[in-house]
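Reading through the structure tokens given below for one structure.
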Amino acid sequence: MLIVLLGVICNFIIYLAFGSLIIMPFKKRREGAACPLMLSVVTGFFFYYFVFFFVCVPPMQYYRPLSMLTGIWVPVVAVLVLLSAVLNGKQWIKWFKSALAYIGRNPAVTVLMALLLMIQVVLVSYTYNFTLDAAYYVANVATSVETNMMNVYDPFTGAWQDHYEMRYFFATYSMQDSVVCQLTGIPALIWTKSVMAITIILLTNMVYIMIARELIVYKNGRKAGVDADADDRKNGVGVASDDRKEIMGNPELATVIMAAIMFVVNLTFITIYTSSLFLMTRTYEGKAIVGNLAVMTLFYLFIRMNDESINVRPWLITFIVCFGAATISSSANMLLPVELTVLFIPMIVRKKKWNMLLKYAACVVPGIVFSLVFVLYVKGYFVLYTFPK
0 MLIVLLGVIC NFIIYLAFGS LIIMPFKKRR EGAACPLMLS VVTGFFFYYF VFFFVCVPPM
60 QYYRPLSMLT GIWVPVVAVL VLLSAVLNGK QWIKWFKSAL AYIGRNPAVT VLMALLLMIQ
120 VVLVSYTYNF TLDAAYYVAN VATSVETNMM NVYDPFTGAW QDHYEMRYFF ATYSMQDSVV
180 CQLTGIPALI WTKSVMAITI ILLTNMVYIM IARELIVYKN GRKAGVDADA DDRKNGVGVA
240 SDDRKEIMGN PELATVIMAA IMFVVNLTFI TIYTSSLFLM TRTYEGKAIV GNLAVMTLFY
300 LFIRMNDESI NVRPWLITFI VCFGAATISS SANMLLPVEL TVLFIPMIVR KKKWNMLLKY
360 AACVVPGIVF SLVFVLYVKG YFVLYTFPK
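Residue 0 is where the sequence shown starts when you use numbering that gives the first Met the number 0, and the numbers rise one by one after that.
Pasting the structure below:
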């Protein structure tokens with residue numbers, strides 16, 4: 000339990016550091032310009048895997064050992080976390096102070112949300128999953144650590160594969176788990192099934208909270224007359240910003256209620272191959288992350304851009320989410336471009352902001368490129384061997 004707790008905490012610290020590098024402006028800093036704490040962490044998650052992809056693919060392609068990747072990746076993470084701490088450390092302190100102040104002002108709501116999250120954490124930690132896909136994720140990490148190679152041996156049989164399977168080659172999510180397990184000595188089952196499952200369920204609920212606060216708590220300041228909390232506006236906690244106003248009598252309780260409703264929906268909507276099924280029983284799998292965390296994060300960004308209430312590089316964050324999700328599961332290659340098209344094309348046409356079309360196109364490019372590469376591989380146009388040639 001201590002390993003799991005420390006693993007989750009370390010994950011969130013790293014995600015906060017990575018996310019702060021994206022959303023915090025390097026120039027012209029001013030009070031109130033900071034992006035929310037939760038969005039920083041969620042963005043950092045996808046940016047972490049975005050960067051890891053470019054570090055992981057070259058050694059894997061040239062048949063290099065996992066230990067080489069570990070030796071490269073650890074200094075990269077250390078440098079980026081240190082850089083972010085130097086640039087954004089003061090803002091982190093403000094965020095955490097404001098978060099503590101929020102807890103002090105809303106103890107009952109905080110306890111209710113903590114209990115709701117704890118129930119989900121226990122459920123996803125103790126779920127007994129015996130599917131082939133679940134076995135593949137865990138076995139792939141364990142096999143990579145034991146053989147000190149990456150995607151070279153079949154996790155089900157242990158047999159050597161003479162070429163890389165493109166379905167998994169670009170989905171480097173499991174290789175990051177392998178790096179952590181090799182570095183720390185944590186067993187693959189504990190890291191994947193417990194640490195990452197808890198991390199994903201907490202991140203997903205953070206997105207639910209952000210969406211709830213957008214839909215329930217805040218609207219554009221020009222349409223409401225009650226100022227949002229001063230600490231929130233100053234420090235960027237929650238989803239408040241300079242021009243956003245509180246419009247409900249007890250908005251925090253309403254947010255908890257919406258999060259609880261989402262939990263009930265996910266718990267009861269477990270038929271075959273639904274996002275709820277993956278979230279509650281197969282939480283650490285790539286499809287669960289794409290179908291829940293990535294999809295909902297894009298929906299949150301769409302809400303903010305639709306009412307023009309976000310001013311911290313929204314399209315850059317959208318691109319990072321799309322690219323980062325594609326490196327977690329190949330399912331993102333089709334799902335996210337479709338979501339982007341359904342949400343953002345009507346918004347662009349309605350607002351007549353045609354310059355956004357190029358930004359939209361940039362966000363769908365990763366999925367299209369990865370899909371095209373996979374099709375060419377299936378049709379036999381190229382192959383990447385698992386041995387030097």
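Beta carbons are placed, not taken as given, at the ideal position from N, Cα and C, and that holds for glycine.
For residue i, the first and last residue of its enclosing alpha helix (DSSP H)
| i | result |
| --- | --- |
| M67 | L65 to R104 |
| W314 | P313 to A325 |
| T296 | V294 to N305 |
| I22 | L1 to I22 |
| D132 | L131 to T146 |
| E338 | A331 to K350 |
| I367 | M355 to V377 |
| M174 | Y172 to T183 |
| S275 | S274 to T280 |
| P35 | Per DSSP, P35 belongs to no alpha helix (DSSP H) and is neither H nor E. |
| Y62 | No alpha helix (DSSP H) contains Y62, which DSSP labels as neither H nor E. |
| T156 | No alpha helix (DSSP H) holds T156; DSSP gives it neither H nor E. |
| R212 | From DSSP, R212 is part of no alpha helix (DSSP H); its letter is neither H nor E. |
| N265 | P250 to T267 |
| M165 | M165 to F168 |
Length of the line joining the Cα atoms of residue i and residue j
| i | j | result |
| --- | --- | --- |
| D228 | A100 | Only weak support is given to the placement of D228: the predicted model assigns it a pLDDT of 41, under 50, and the question is left unresolved by the model. |
| D226 | R212 | The predicted model places D226 with a pLDDT of 39, which falls under 50 and marks its position as unreliable, so this point remains unresolved. |
| L252 | I200 | 20 Å |
| N249 | L114 | 19 Å |
| V374 | F168 | 14 Å |
| Y47 | L266 | 29 Å |
| T385 | V121 | 39 Å |
| R232 | S97 | Residue confidence is low: R232 scores 42 on pLDDT, short of 50, so the model does not pin down where it sits. No coordinate-derived value is stated. |
| I316 | E307 | 15 Å |
| V320 | T198 | 17 Å |
| M149 | T109 | 43 Å |
| L5 | I260 | 29 Å |
| N105 | V194 | 28 Å |
| V78 | A133 | 33 Å |
| M1 | I347 | It should be noted that the sequence gives Leu, not Met, for residue 1. Answer to the nearest angstrom: the Cα atoms are 48 Å apart. |
| V337 | Q119 | 29 Å |
Cβ pair residue i, residue j closer than 9 Å
| i | j | result |
| --- | --- | --- |
| G285 | Y376 | no |
| P35 | M209 | yes |
| W314 | K358 | yes |
| A187 | A141 | yes |
| L342 | L297 | yes |
| C55 | M174 | yes |
| A324 | L339 | no |
| I92 | V311 | no |
| C180 | V151 | no |
| S83 | L38 | no |
| M3 | I189 | Reading off the sequence, residue 3 comes out as Val, not Met. Against a cut-off of 9 Å, the Cβ pair of I189 and V3 comes out as a contact. |
Residue of the options minimising C-alpha distance to residue i
| i | options | result |
| --- | --- | --- |
| M112 | F262, A133, F301 and A361 | F262 |
| D176 | G18, N10, T130 and P336 | N10 |
| Y380 | S193, V206, M165 and V264 | M165 |
| V382 | F17, L1, I271 and Y163 | Y163 |
| A158 | A325, L4 and A138 | A138 |
| Y135 | P154, N128, M148 and S143 | P154 |
| Q90 | P64, V56, L20 and L65 | L20 |
| I327 | L116, I347 and G366 | G366 |
| M401 | S275, I344, I269 and Y283 | The structure shown does not extend to residue 401, since the chain is modelled only from 0 through 388, so no value can be given for it. |
| V368 | F322, K378 and W353 | F322 |
| L65 | N147, V123 and V364 | N147 |
| Y272 | A258, G290, V255 and Y283 | G290 |
| Y283 | Y299, V41, I8 and T126 | T126 |
| N332 | R349, L371 and V123 | L371 |
| L300 | G103, V7 and V41 | V41 |
| Y62 | N354, D161, F95 and I215 | D161 |
| P74 | I185, V50, L356 and T191 | V50 |
| I256 | L116, V123 and I102 | L116 |
Nonlocal neighbours in the same chain, by C-beta distance under 6 Å from residue i, ignoring five residues either side
| i | result |
| --- | --- |
| A287 | F277, L278 and R281 |
| F17 | G43, F46 and Y47 |
| I302 | E213 |
| S329 | R166 and A170 |
| I269 | S275 and L276 |
| L182 | T69 |
Contacts around residue i, its chain only, beta-carbon distance under 8 Å, and the 5 residues preceding and following it disregarded
| i | result |
| --- | --- |
| M295 | T203, V206, Y207 and I210 |
| I13 | G43, Y47, V76 and V80 |
| L68 | V54, C55, P58, M59, M149, M174 and V178 |
| T130 | R281 |
| N71 | Sequence inspection shows Ile at residue 71; the Asn mentioned does not correspond to that position. Excluding positions up to five away in sequence, the list reads V54 and P58. |
| L86 | S19, L20, M23 and F25 |
Own chain residues within Cβ distance below 7 Å of residue i, not counting five before or after
| i | result |
| --- | --- |
| F318 | A361 and C362 |
| N128 | T280 and R281 |
| F52 | T171 and T326 |
Near the ligand ATP: residue i beta-carbon under 8 Å from a heavy atom
| i | result |
| --- | --- |
| F373 | Although the ligand ATP was asked about, the structure shown includes no ligands whatsoever. |
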